[in-house]
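Residue numbers (the numbering used here), protein chains in the order written: chain A, 1 to 162; chain B, 163 to 364.
Notes for the one structure printed next.
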């Protein structure tokens, strides 16, 4: 017989798990406060470029988001234009940008309209041509405050991306 | 027999599991806020009436980006890593001697003073967006570096930090009123004049 008994009832006290729910709840509240619910279905690919000299964006209630990027494979779009513009939940053509961004502006409360800003969330791979056209359309509808939304990081990594 | 205990205890053993489920649900459906970027102001669609402003060529710092992402700065090819240094040298030049805080070379063939210095950015339609953002970032960075230098000299703190605090709506209004003239003053020392002309077609 071995000197150590295996089924010794006074071996180790069990670790109390009574505080486990509290710990998990704290984690849960942490994530609830620092994250936001995705309210849009992305229809285009959206890998933002990096930049280091960034300004924080205002609160989301005064932001008009415009996504630009190649059509993602999980959207059912049978158009072969490679790069698309998405405003709210739909893909729009370049000449419709003015209309839909004004529509988005209309949804912003009256007292915030003055500080409304357009956040251009364009994919890394996009060419400048479409961005230039987009800026021209925004100029036409007098939405002049724009923000090239980026991820904070080292800018020179942008150059290495294909 | 009278009952000594109150209501029987509810078993809380599964509480952790419920909380974990909730946690995982929130992890999956939410994203961490990453909204930061480069703020720009577009020029109005109709240019103002008095367009007869003559700008001397030496006060314009031209940056051209071609379709392969190469830079032509002041008619010379430049590596993008040196762009910030060149832009700072141009803005900080102070050629006419009216700028007493400039520490540049005082080269008569470069910009007169920061007030007059304009950076002109041109890009091709085929330029990659990521390259364009890198260039924009470096040019904004050049202004920020110079403004930080002046803010350190005058107030002993960074301009970028002061500006972020000033723009943050959560900062108490007394502090914001205090920061406002300082931020404005630094901005006037190095006004951001970044012009984007028409995109070249080929």
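Even glycine gets a Cβ: it sits at the ideal position worked out from N, Cα and C.
Next item on the list: Quickly, what does DSSP pair residue 266(B) with across the bridge? List them, please.
Entry: Counting from one through the second chain, the residue named residue 266(B) turns up at place 104. In the DSSP output, where bridge partners are listed per residue, residue 266(B) has none listed.
Note to self: If you reduce the DSSP assignment to three classes, tell me which class residue 303(B) lands in.
What the structure shows: In the second chain, counting from the first residue as 1, residue 303(B) sits at position 141. In the structure shown, residue 303(B) sits in a helix (DSSP, three-state: H, G or I).
Check: Cβ of residue 188(B) less than 8 Å from any chain A Cβ?
Finding: In the second chain, residue 188(B) corresponds to position 26, counting from 1. At least one chain A Cβ lies under 8 Å of residue 188(B).
Note to self: Assuming contact is defined by CB atoms lying nearer than 8 Å, are residue 282(B) and residue 221(B) in contact in what I supplied?
What the structure shows: Numbered from its first residue, the second chain carries residue 282(B) at position 120. Numbered from its first residue, the second chain carries residue 221(B) at position 59. Between residue 282(B) and residue 221(B), the C-beta spacing is not below 8 Å.
Note to self: For a minimum of 4 consecutive residues, which ranges assigned as the alpha helix (DSSP H) are wholly contained in the stretch 84-129 of chain A?
What the structure shows: 97-106
Check: What is the DSSP secondary structure of residue 363(B), counted as helix, strand or coil?
Finding: Residue numbering aside, residue 363(B) sits at position 201 when the second chain is read from its first letter. Per-residue confidence for residue 363(B) stands at a pLDDT of 48, beneath the threshold of 50, marking its modelled position as unreliable; the derived number appears in the next sentence. Correct three-state label for residue 363(B): coil.
Checklist line | CB of residue 185(A) within 8 Å of CB of residue 71(A), strictly | finding: Residue 185(A) cannot be examined here, being either before or after the span of chain A that is shown, 1 to 162.
Checklist line | Residue-chain proximity (residue 287(B), chain A), Cβ-Cβ < 8 Å | finding: Residue 287(B) sits at position 125 when you count from the first residue of the second chain. Closer than 8 Å to some Cβ of chain A, the Cβ of residue 287(B) qualifies, so yes.
Check: I think residue 64(A) touches residue 116(A), with their Cβ atoms under 8 Å apart; what is that distance to the nearest whole Å?
Finding: Counting from 1 along the first chain, the entry for residue 64(A) is found at position 64. Counting from 1 along the first chain, the entry for residue 116(A) is found at position 116. That pair is a contact at about 6 Å.
Note to self: Within 8 Å of any Cβ in chain A, is that where the Cβ of residue 251(B) sits?
What the structure shows: Stepping through the second chain from its first residue, residue 251(B) is reached at position 89. No, residue 251(B) lies away from the interface with chain A (no Cβ there is under 8 Å from its Cβ).
Check: residue 30(A): buried (16+ other C-beta within 10 angstroms of its C-beta) or exposed?
Finding: As a first step, residue 30(A) must be located in the first chain, where it is residue number 30. By the neighbour-count criterion, in which 16 or more other beta carbons inside 10 Å mark a residue as buried, residue 30(A) falls on the exposed side.
Next item on the list: Can you give me the start and stop residues for the beta strand (DSSP E) that residue 221(B) sits inside?
Entry: The sequence position of residue 221(B) within the second chain is 59, counting from 1. Premise fails: residue 221(B) is in no beta strand (DSSP E) and is neither H nor E.
Next item on the list: Please confirm if the stretch 171-186 of chain B is in contact with the stretch 304-321 of chain B, defined as three or more CB-CB distances below 8 Å between the two stretches.
Entry: no
Next item on the list: Helix, strand or coil for residue 174(B), going by three-state DSSP, please let me know.
Entry: Locating residue 174(B) in the second chain gives position 12, where the first residue counts as 1. Looking at residue 174(B) - three-state DSSP - the assignment turns out to be coil, as it is neither helix nor strand.
Notebook entry, point to check: If residue 121(A) and residue 46(A) are in contact, beta carbons under 8 Å, what's the gap, nearest whole angstrom?
Noted result: One-based indexing of the first chain puts residue 121(A) at position 121. One-based indexing of the first chain puts residue 46(A) at position 46. About 6 Å separates the two Cβ atoms, so the contact holds.
Next item on the list: Using 10 angstroms around the beta-carbon of residue 100(A), count the other beta-carbons present and answer buried if the total reaches 16, otherwise exposed.
Entry: Taking the first chain and counting its residues from 1, one reaches residue 100(A) at position 100. With 16 or more other Cβ atoms within 10 Å, it is buried.
Next item on the list: Could you list the residues in the stretch 271-300 of chain B with a C-beta less than 8 Å from some C-beta on chain A, going in chain order?
Entry: 285, 286, 287, 288, 289, 290, 291, 292, 293, 294, 295, 296, 298, 299, 300
Margin query: Is residue 159(A) close to the ligand HEM? I mean its beta-carbon at under 7 Å from any heavy atom of the ligand.
Written below: What this structure holds is no ligand at all, so the ligand HEM is not there to describe.
Checklist line | Straight-line Cα distance separating residue 188(B) from residue 1(A) | finding: Looking up residue 1(A) in the first chain gives position 1. Looking up residue 188(B) in the second chain gives position 26. Confidence at residue 1(A) is low in this model, with a pLDDT of 49, below 50, so the placement of that residue should be treated as unreliable; the coordinate-derived value is given next. The alpha-carbon separation between residue 1(A) and residue 188(B) amounts to approximately 53 Å.
Check: Does the stretch 215-231 of chain B come close enough to the stretch 290-310 of chain B that 3 or more CB-CB pairs lie under 8 Å?
Finding: yes
Checklist line | Given 8 Å, three or more beta-carbon pairs between the stretch 196-206 of chain B and the stretch 143-161 of chain A | finding: yes
Margin query: Could you tell me the alpha carbon to alpha carbon distance between residue 363(B) and residue 265(B), rounded to whole angstroms?
Written below: Counting from one through the second chain, the residue named residue 363(B) turns up at place 201. Counting from one through the second chain, the residue named residue 265(B) turns up at place 103. Only weak support is given to the placement of residue 363(B): the predicted model assigns it a pLDDT of 48, under 50, and the question is left unresolved by the model.
Next item on the list: Could you tell me whether the Cβ of residue 334(B) comes closer than 8 Å to any Cβ of chain A?
Entry: Locating residue 334(B) in the second chain gives position 172, where the first residue counts as 1. Chain A contact via Cβ: absent.
Notebook entry, point to check: Among 138(A), 160(A), 54(A), which has the Cα closest to the Cα of residue 103(A)?
Noted result: Counting from 1 along the first chain, the entry for residue 103(A) is found at position 103. When only C-alpha atoms are compared, the closest one is 138(A).
Notebook entry, point to check: Using the beta-carbon of each residue, which ones in chain B are nearer than 8 Å to residue 148(A)?
Noted result: In the first chain, residue 148(A) corresponds to position 148, counting from 1. Result: 199, 200, 202, 295, 298.
Check: Looking at the structure shown, is residue 335(B) part of a helix, part of a strand, or coil, going by DSSP?
Finding: Counting from 1 along the second chain, the entry for residue 335(B) is found at position 173. Helix, per DSSP.
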